[in-house]
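Student: Chains as they are written, first to last, in my numbering: chain A, 802 to 1046; chain S, 830 to 1259. The C-beta atom is built at its ideal place from N, Cα and C for all residues, glycine as well.
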Amino acid sequence: MFQSKLRSETLKGVVDVVSTLIDEAKFVIDANGVSLKAVDPAHVAMIDLHLDKAAFEQFSANDTELGLDLDKLRDVLRLSKSGDLIEMRQDEERNRLVISVGNITRRMNLVSTEGMSDPKVPNITLPAKLSVNIEELQRGIKAAESISDHISLNANPDGFELISEGDTDLVSLKLPKDLLVSLDCKDPVRSLYPMDYFSNLIRAIPAGTVLSINIGNDLPVRLDFEIAGGKGKVKYLLAPRIEND
Amino acid sequence: MSYQVSDVAIKELFGPIERTDNSMVSNLCVLCKGSKNLCGKDRCSLMVKYYARSRTKPLIDSLDLAGSSPPGVFVGRYGYPKVDVGPLVPPDFGDTAFMDTPEGWVGKPIEDICDFRFRLVRGKFRVGVKDFQNAGKMMDLTRDLALSVNSVDVEANFNKKPSGKIVLDDEIQPFGPSARLNNFDITNPKYDHKVEKAFYDTDMKAVEAVTSLYKDGVLISKLQKAFSIGAFGVERNRRLVPTRWSITAVDDTLGKDLLRSTKTFPPIGEWRIYDWDQLDNRWCVMLMPTSWRYELIEAWYPNTAWNPMGKQIEVISSHELFDGRKDYAEIGGCYYAARLAVNELLMKERRTAGAVIFREAHPGYIMPVGVWNVRENVRRALLEQPSKFNSLNEALVHLGNRMDIPVRRWLSTSEVLKDFLRQRRIDDYV
């Protein structure tokens, strides 16, 4: 059973961060809130999301699963403006989700969750950790995007640097320690990531977010941030590219 | 007087003497005249064309031609949006369907294919691609003929004797000489009622017509003919599509439609390689136990159809990752033809996979015979028993034994394999 009311911007935040990786999602719901774990179809990136019941205006549920088409949710969001309340109710008999925005009601068939796996979240120790305002990174990504199909993330005790190097051009975004919110790094680390994935993840993160970045040498990067005013948590994991020639 | 002085004088009079490399005569054919195999090809492609043509020539040396069209039509692309359209007619009567049904050509030697293709005389008349609906009797008959399931007898009257160059193209199957039509007539065609229904349904989109008829078992060569003659689509959008474009349009549409399903299936459980040889083309189709990604790599030996003057092997490739590609594949229509063939197998098995197709075109492949060569041979390759492997390394060893080109050359060209080797997956860390 699942019945809730939430603000339109809260739902939008969730849809934005999830739909950058997948089109259909399996939301796992219990009495404490909603969570989701998914890898993208190419298994290069992963999202681990939890939305606490406090993020909802009203929330009552016991253990259930909802398979949702994120494009349809986006359609519903287009009907609402910021601040509107969206009501969601699971119709277990008909296997549907009933969504109401004001006087509009949409009943949507749920997507089968049978084929959707429950990915395990890798447990990796990443030696360097720093946090930064998302706007800084988004600016850097904009500059670096067209340069190459990969991007390197570098951290050392003095700061953080994004470098994208193509055949003819190089773009770097250098953030010394005083431009970072925090920096915890003893030895220099460097990893390389696919540009399209990294830029899509960074762009999906809402403005005003303080992003925590965890990196190592040739290891996945973990991006941690909060949504829904601190009542939701998102973890992205992105697998590295290894230079072997 | 020294040699230098006269050189200067000549330079003043005529400009500098051009330096040419006389060790390599630019046109070997002049020296060889079809007898010495100087170009390195197994047989002389000019002579193969010449003999095929000389056998046809006396049969069509007239202003009138009667014969059974397979049925076949050709829509040209020069002058678009005003193009040359018309039926393909051989000087033969009876069931000539095989002449325009590439699905049945795998296994035929290149001479045979040329022989019957060059018998097809291309009648033509000029029509605007969008105003073909009311372009007159010849257009209506051409369309009726194109939609027929059986061979249709044609009586044609040309304004000149059929002539002109024999067309050779990587995309389209070859055909013989051509001539402008004064008029022509046909016997009654027979229709496939499913195709006919799509033709009369002027609200159905062309994509829908192509995909649904394909699922009903209509041959790709039939779909492509109907598509090119403007038989599908919403009424006001209907138009003629040059044959060359229509082949790729149909292959691309069908491949994409299958991909929508196959992408969601679970991956195959092992590495596979399907081996196949035909027309001195050597094929290895590698399937990877991964999500969808695809690449076609072609290696053209010196002196093959598309590397006539080269001194080294040219390797070219196009690829896509999971999300597909937006721009037209560098290597052309064969990319889409092979992608369709791979997805037919995945659909049948209800599995997904990554696919890298390796093709070596050896010197026996003396001339291009059309995209069908790629589609039908990849289809045929996938009917073979695959060799199965536990890892990429084992699969590459097999590839190395099968192909002449060393594995490192394939690897340095293949974007899909490079991505596989360099890009880690989340699963690697669980």
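Would you call the segment 1116 to 1135 of chain S and the segment 1089 to 1107 of chain S touching, i.e. three or more CB-CB distances under 8 Å?
Tutor: Enough Cβ pairs lie closer than 8 Å, so yes.
Student: So, does the CB of I814/S fall closer than 9 Å to a CB anywhere in chain A?
Tutor: Absent from the structure is residue 814/S, since the part of chain S shown begins at 830 and ends at 1259.
Student: Any contact of the segment 1242 to 1254 of chain S with the segment 891 to 909 of chain A, i.e. 3+ C-beta pairs under 8 Å?
Tutor: Too few Cβ pairs lie closer than 8 Å, so no.
Student: Any beta-carbon of chain A closer than 9 Å to the one on W934/S?
Tutor: With 9 Å as the cut-off, W934/S does not count as an interface residue toward chain A.
Student: So what does DSSP say about L976/S, is it helix, strand or coil?
Tutor: If DSSP states are grouped into helix, strand and coil, L976/S belongs with coil.
Student: Under 9 Å, do P919/S and G896/S count as touching if we go by C-beta distance?
Tutor: Yes, Cβ-Cβ distance for P919/S and G896/S is below 9 Å.
Student: Can you name the residues of chain A whose CB is closer than 8 Å to the CB of S1120/S?
Tutor: What S1120/S touches in chain A: P842, A843, H844.
Student: Would you kindly report the start and end of the unbroken alpha helix (DSSP H) that includes E1178/S?
Tutor: E1178/S -> alpha helix (DSSP H) spans 1163 to 1178.
Student: Among N904/A, L822/A, I1014/A, E810/A, which residue has its Cα nearest to the Cα of D870/A?
Tutor: When only C-alpha atoms are compared, the closest one is L822/A.
Student: How many angstroms separate the CA atom of D890/S from the CA atom of Y880/S?
Tutor: Each residue's Cα considered, the two are about 16 Å apart.
Student: For T1181/S, which option in T1091/S, R1253/S, Y1043/S, S883/S has the closest C-alpha, if you only look at C-alpha atoms?
Tutor: Nearest C-alpha to T1181/S: T1091/S.
Student: Cβ of I1255/S less than 9 Å from any chain A Cβ?
Tutor: Yes, I1255/S counts as interfacial toward chain A.
Student: Mind checking if Y1103/S is an interface residue toward chain A, Cβ cutoff 9 Å exclusive?
Tutor: No, its Cβ sits nowhere closer than 9 Å to a Cβ of chain A.
Student: Less than 9 Å between the beta carbons of S1013/A and L931/A, yes or no?
Tutor: Closer than 9 Å, so yes.
Student: Go through its chain and collect everything with a Cβ distance to S1050/S's Cβ below 7 Å, but skip five positions before and after it.
Tutor: Cβ within range, chain order: D929, T930, P931, E932.
Student: Which residues in chain A have a C-beta closer than 8 Å to the C-beta of L1150/S? List them in chain order.
Tutor: Under the 8 Å cutoff, chain A gives A843.
Student: The ligand GDP and L1012/A: does any heavy atom of the ligand fall closer than 8 Å to the residue's C-beta?
Tutor: The ligand content of the structure shown is nil, which means the ligand GDP is not present either.
Student: Can you pull the DSSP bridge partners for F803/A?
Tutor: A862/A, per the DSSP bridge assignment.
Student: If we define contact as Cβ-Cβ less than 9 Å, is R1042/A a contact residue for chain S?
Tutor: Yes, R1042/A lies at the interface with chain S (some Cβ there is under 9 Å from its Cβ).
Student: Starting from P923/A, find everything on chain S with Cβ-Cβ shorter than 7 Å and list it in chain order.
Tutor: Here the neighbours are I1255, Y1258, V1259.
Student: Compare the C-alpha of A1060/S against each of T1040/S, D1030/S, L1225/S and name the closest.
Tutor: Cα-wise, what sits closest to A1060/S is D1030/S.
Student: DSSP three-state label for A1008/S, please.
Tutor: Strand at A1008/S.
Student: Which residues of chain S have a Cβ atom closer than 8 Å to the Cβ of P1021/A, listed in chain order?
Tutor: Per Cβ cutoff of 8 Å: R1253, I1255, Y1258.
Student: Sort D970/A, L874/A, F803/A, V1011/A by Cα distance to E894/A and report the nearest one.
Tutor: It is F803/A.
Student: Between the segment 975 to 1009 of chain A and chain S, which residues of the former have CB atoms less than 7 Å from a CB of the latter, in chain order?
Tutor: Correct list: P995.
Student: How long is the line joining the alpha carbons of P1197/S and L894/S, rounded to whole angstroms?
Tutor: Rounded to whole angstroms, P1197/S to L894/S spans 28 Å at the Cα level.
Student: Shorter than 9 Å from the beta carbon of K1036/A to some beta carbon of chain S?
Tutor: So, not an interface residue.
Student: What are the start and end residues of each continuous beta strand (DSSP E) run of 3 or more residues lying completely inside the segment 879 to 928 of chain A, in chain order?
Tutor: Entirely contained in the segment 879 to 928 of chain A, the beta strand (DSSP E) runs reaching 3 residues are, in chain order, 886 to 892, 897 to 902, 905 to 910.
Student: Using a cut-off of 8 Å between C-beta atoms, extract the partners of V847/A located in chain S.
Tutor: It is Met, not Val, that sits at residue 847/A in the sequence shown. Ordered by position in chain S, the residues that pass the 8 Å Cβ test against M847/A are I1255.
Student: Would K906/S pass as a contact of V914/S if the rule is Cβ separation under 9 Å?
Tutor: Note that residue 906/S is Arg in the sequence shown, not Lys. Their beta carbons are not under 9 Å apart, which means R906/S does not touch V914/S by this criterion.
Student: State the start and end residues of the unbroken beta strand (DSSP E) segment that holds I1102/S.
Tutor: Element bounds for I1102/S: 1100 to 1107.
Student: Could you tell me which residues DSSP puts in a beta bridge with E984/S?
Tutor: Answer is A895/S, D1014/S, bridged to E984/S.
Student: Report the three-state DSSP secondary structure of S1090/S (helix, strand or coil).
Tutor: Looking at S1090/S - three-state DSSP - the assignment turns out to be helix.
Student: Measure the C-alpha to C-alpha separation of V1011/A and G916/A and round it to an integer number of angstroms.
Tutor: C-alpha separation (whole angstroms): 35 Å.
Student: Please go through the same chain and pick out, in chain order, the residues whose beta-carbon is closer than 6 Å to the beta-carbon of D950/A, but skip the five residues on each side of it.
Tutor: The answer, listed in chain order, is M996.
Student: Could you work out which residue in N1018/A, S947/A, V835/A is closest to P928/A when comparing CA atoms only?
Tutor: Considering only alpha carbons, the answer is N1018/A.
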